[in-house]
Ligand code: AMP
Ligand code: MG
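Residue numbers (this note's numbering): 709 to 1108.
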């Protein structure tokens, strides 16, 4: 059986970034990845910009304490100075305005006294360039301001706007078709009859897809019937870059997914992973290179399988350089004493302690217990075998 790392390597060996498109820079593009370098069209700031409300002066004029200067004009942000600042002159100036010719420094208004058109500078340590943001300090025209591969985060939206971009070449969000399987499943708006349960994986996997950087499309519940499952999976393969099935991938008589996938021309690369929860986990590739995951039916297993294998694949398809998952080491908040027959991922929460962040394993009832997993913002990875750890012992933590 494949170890987690081998299984992830297998998935990623079949995963390549999608073809890029032009993305309009509405908030719908938040999290897409830039496909090209972005250059500044102008210097920023485009002029030497004043950083404080006060007076634009020649620093040399302020060397003597209490130097009086003649106020020659007033320039708020958005206006342009019309008079050069000569020896003994000052311009009343406001944050965001261009510095006038001749002036080389700004004195904060708190360090001045004004009487009529004379201002007295009470700060005798005025340095050239103080409170002036030189032209092109943030970016120079023609320079690369964002590199290809940069995720479009909120600050990137601002940078792109400042260089005049309203649309950019970017990797699309991978389209992820989500299919639940099982005769026992009904949707959330229905009341279960005996033997039935509500489909929790469908909504969970569509939400995980959004969080992971994919564009979900929920395709519904496939009954444990070969023809029905086949037609839904065929639809999934038609409209998705990634088909996400849950349930029906184990070895029971009603676990029809593996055979249906083979019938539809999907090549299966593995069917099990040495991991707890979530051992039955199928990965294959469709006739057009679509990625196909058969996640376990138990909700917590499905969740862990998504985080360990599906999310990294979505990230690579979407143009991210790093697939993740992000793993760090943190001290355990509480002692751990348990034995596992496989490498195990336990739902956990990051906790800010007196001396920094720690991680706390959540009380949890195992693979079917989604409510117990719900508060998790991390998974603690435990090796197979016995784990005995005192509070404060470093443990491996997968960030969600
Ligand atoms: P399976 O892998 O199909 O044998 O399912 C394993 C367990 O997970 C069974 O108890 C199923 O009822 C449950 N299960 C399967 N699919 C879902 C789903 N979409 N939502 C909630 N539970 C599910
Ligand atoms: Mg089933």
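Ideal Cβ placement from N, Cα and C applies to all residues, glycine included. Just so you know, these numbers come straight off a predicted model, no measurement behind them.
Inter-residue spacing [alpha-carbon to alpha-carbon] between residue i and residue j
{"i": "residue 905", "j": "residue 894", "result": "6 Å"}
{"i": "residue 876", "j": "residue 726", "result": "16 Å"}
{"i": "residue 738", "j": "residue 791", "result": "45 Å"}
{"i": "residue 965", "j": "residue 714", "result": "23 Å"}
{"i": "residue 1058", "j": "residue 838", "result": "43 Å"}
{"i": "residue 937", "j": "residue 985", "result": "25 Å"}
{"i": "residue 1030", "j": "residue 1024", "result": "7 Å"}
{"i": "residue 794", "j": "residue 757", "result": "19 Å"}
{"i": "residue 1015", "j": "residue 873", "result": "34 Å"}
{"i": "residue 932", "j": "residue 883", "result": "25 Å"}
{"i": "residue 908", "j": "residue 917", "result": "14 Å"}
{"i": "residue 858", "j": "residue 716", "result": "23 Å"}
{"i": "residue 1080", "j": "residue 1004", "result": "18 Å"}
{"i": "residue 1090", "j": "residue 1055", "result": "11 Å"}
{"i": "residue 723", "j": "residue 1076", "result": "30 Å"}
{"i": "residue 783", "j": "residue 869", "result": "26 Å"}
{"i": "residue 710", "j": "residue 1067", "result": "28 Å"}
{"i": "residue 812", "j": "residue 767", "result": "6 Å"}
{"i": "residue 1062", "j": "residue 1082", "result": "25 Å"}
{"i": "residue 708", "j": "residue 1017", "result": "One cannot answer for residue 708 here, as it falls past the ends of the chain, which runs 709 to 1108."}
{"i": "residue 743", "j": "residue 831", "result": "50 Å"}
{"i": "residue 1042", "j": "residue 1035", "result": "19 Å"}
{"i": "residue 1098", "j": "residue 1044", "result": "7 Å"}
{"i": "residue 1100", "j": "residue 1022", "result": "34 Å"}
{"i": "residue 826", "j": "residue 774", "result": "12 Å"}
{"i": "residue 1047", "j": "residue 878", "result": "46 Å"}
{"i": "residue 800", "j": "residue 844", "result": "24 Å"}
{"i": "residue 924", "j": "residue 949", "result": "10 Å"}
{"i": "residue 861", "j": "residue 770", "result": "44 Å"}
{"i": "residue 979", "j": "residue 998", "result": "17 Å"}
{"i": "residue 947", "j": "residue 940", "result": "11 Å"}
{"i": "residue 930", "j": "residue 736", "result": "30 Å"}
{"i": "residue 835", "j": "residue 751", "result": "24 Å"}
Residue i beta carbon near ligand 4 (any heavy atom closer than 7 Å)
{"i": "residue 890", "result": "Summarising the ligand content, the structure contains ligand 1 and ligand 2 and does not contain ligand 4."}
For residue i, the three-state DSSP class (helix, strand or coil)
{"i": "residue 753", "result": "coil"}
{"i": "residue 909", "result": "helix"}
{"i": "residue 824", "result": "coil"}
{"i": "residue 807", "result": "coil"}
{"i": "residue 934", "result": "helix"}
{"i": "residue 919", "result": "helix"}
{"i": "residue 1062", "result": "coil"}
{"i": "residue 865", "result": "helix"}
{"i": "residue 769", "result": "helix"}
{"i": "residue 1057", "result": "strand"}
{"i": "residue 793", "result": "coil"}
{"i": "residue 798", "result": "strand"}
{"i": "residue 948", "result": "coil"}
{"i": "residue 1080", "result": "helix"}
{"i": "residue 834", "result": "coil"}
{"i": "residue 1094", "result": "strand"}
{"i": "residue 1070", "result": "coil"}
{"i": "residue 1108", "result": "coil"}
{"i": "residue 941", "result": "helix"}
{"i": "residue 851", "result": "coil"}
{"i": "residue 781", "result": "strand"}
{"i": "residue 712", "result": "helix"}
CB-CB length for residue i against residue j, believed under 8 Å
{"i": "residue 1019", "j": "residue 1032", "result": "7 Å"}
{"i": "residue 896", "j": "residue 911", "result": "7 Å"}
{"i": "residue 785", "j": "residue 804", "result": "3 Å"}
{"i": "residue 863", "j": "residue 807", "result": "In fact, because the Cβ distance is near 26 Å, the residues do not count as touching under 8 Å."}
{"i": "residue 1007", "j": "residue 1078", "result": "4 Å"}
{"i": "residue 885", "j": "residue 951", "result": "5 Å"}
{"i": "residue 991", "j": "residue 719", "result": "6 Å"}
{"i": "residue 920", "j": "residue 887", "result": "Not really, about 17 Å apart at Cβ, beyond 8 Å."}
{"i": "residue 974", "j": "residue 994", "result": "5 Å"}
{"i": "residue 814", "j": "residue 788", "result": "Contact flag wrong, Cβ pair sits at about 16 Å."}
{"i": "residue 1103", "j": "residue 1040", "result": "5 Å"}
{"i": "residue 954", "j": "residue 913", "result": "6 Å"}
{"i": "residue 762", "j": "residue 816", "result": "4 Å"}
Taking only runs of the alpha helix (DSSP H) that begin and end inside the segment 958-1046, which ones reach a length of at least 4 residues, in chain order? If you keep only unbroken alpha helix (DSSP H) runs of at least 4 residues inside the segment 958-1046, you get 965-971, 1007-1013, 1019-1025.
Curious, which full-length alpha helix (DSSP H) runs of at least 4 residues does the segment 871-915 contain? Whole alpha helix (DSSP H) segments, 4+ residues: zero.
Continuous beta strand (DSSP E) assignments of at least 3 residues falling wholly in the segment 717-764: Look at the segment 717-764 and you find these whole runs of beta strand (DSSP E), each 3 residues long or longer: 729-732.
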